[in-house]
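Here our numbering is used: the first residue of the sequence shown is 23, the next is one more, and so on. Please read the structure below before turning to the comments.
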Amino acid sequence: MFIRLEYNVRLFNKFSGKHEMGILNKTVLIITIITILFGYGFTNIPNYHFHHLNVSDGLSSNSVRTILKDSYGFMWFGTEDGLNRYDGYEFTVFRTESNNSNSISDNFIRVLYEDRNKNLWIGTNDGGLNRFDFRLETFTRFIHDPDQSETISNN
Numbered sequence: 023m024f025i026r027l028e029y030n031v032r033l034f035n036k037f038s039g040k041h042e043m044g045i046l047n048k049t050v051l052i053i054t055i056i057t058i059l060f061g062y063g064f065t066n067i068p069n070y071h072f073h074h075l076n077v078s079d080g081l082s083s084n085s086v087r088t089i090l091k092d093s094y095g096f097m098w099f100g101t102e103d104g105l106n107r108y109d110g111y112e113f114t115v116f117r118t119e120s121n122n123s124n125s126i127s128d129n130f131i132r133v134l135y136e137d138r139n140k141n142l143w144i145g146t147n148d149g150g151l152n153r154f155d156f157r158l159e160t161f162t163r164f165i166h167d168p169d170q171s172e173t174i175s176n177n
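Shown next as structure tokens:
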């Protein structure tokens with residue numbers, strides 16, 4: 023393409039009596055092309071806006087230990103004082119309830135993981151492992167029991 027363009031310029035210059043482009047004109051042309059190409063590329067960069075979330079926004083604790091974005095688009099924050107689900111507008115906080123075996127087993131959240139079946143798994147500090155049921159918004163607890171060999175190895 024560049025060879026054909028150069029040939030056409032030379033042919034035009036031969037018949038029109040004009041001299042070929044000078045070095046300065048070629049430099050200006052190259053700089054213009056590069057500016058257009060790079061300028062177009064930079065205009066397509068998305069403009070991200072970050073907002074710092076904290077307890078005044080509804081987060082249960084400013085000590086966030088783990089963060090996960092699930093396949094449904096929710097942001098999950100594991101803190102030292104509960105599991106927090108953020109929908110982009112408000113938080114829903116899940117804490118342990120002593121009289122409810124379907125609540126999360128411990129408030130100190132260490133790790134979050136979503137498996138390929140879209141199950142949310144929550145690892146806690148002293149309460150073992152929990153699986154969140156999205157439909158019922160309840161938790162199934164997997165806790166170590168030294169008297170049962172088929173339980174998890176530790177909490």
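Beta carbons are placed, not taken as given, at the ideal position from N, Cα and C, and that holds for glycine.
Would you call F72 buried or exposed, if buried means 16 or more other Cβ atoms sit within 10 Å of its Cβ? Translated into positions along the sequence shown, residue 72 becomes position 50. Exposed, since its Cβ has fewer than 16 Cβ neighbours within 10 Å.
Cβ-based neighbour list, N84, same chain, cut-off 7 Å, excluding 5 preceding and 5 following: Counted from its first residue, the sequence shown places residue 84 at position 62. Excluding positions up to five away in sequence, the list reads N76, V77.
Could you give the residue range of the beta strand (DSSP E) that holds T88? Counting from one through the sequence shown, the residue named residue 88 turns up at place 66. That run of the beta strand (DSSP E) goes 86 to 91.
Let me confirm a value: T146 is counted as buried when at least 16 other C-beta atoms fall within 10 Å, else exposed. Which label applies? Translated into positions along the sequence shown, residue 146 becomes position 124. The residue is buried, with at least 16 neighbouring Cβ atoms inside 10 Å.
How big is the Cα-Cα spacing for H105 and Y111? What you label residue 105 is simply residue 83 of the sequence shown in a count that begins at 1. What you label residue 111 is simply residue 89 of the sequence shown in a count that begins at 1. Just to set this straight, residue 105 is Leu in the shown sequence, not His. If I take the Cα positions, the gap works out to 16 Å.
Where the beta strand (DSSP E) containing Y111 begins and where it ends: Position 89 of the sequence shown, counted from the first residue, corresponds to residue 111. Counting along the chain, Y111 falls outside any beta strand (DSSP E), and DSSP gives it neither H nor E.
Determine the extent of the beta strand (DSSP E) in which D155 is found, giving its start and end residues. Numbered from 1 along the sequence shown, position 133 holds the residue referred to as residue 155. Residues 151 to 155.
Buried or exposed: where does N152 fall if 16 or more other Cβ atoms within 10 Å of its Cβ makes it buried? Taking the first residue of the sequence shown as 1, we reach residue 152 at position 130. Flag for N152 reads buried.
From the beta carbon of S120, is the nearest beta carbon of chain E less than 9 Å away? The structure shown contains no chain E; it holds only a single protein chain.
Same chain, Cβ closer than 6 Å to T173, neighbours up to 5 away in sequence not counted: The residue given as residue 173 occupies position 151 in the sequence shown. Only H166, D167 meet the Cβ criterion.
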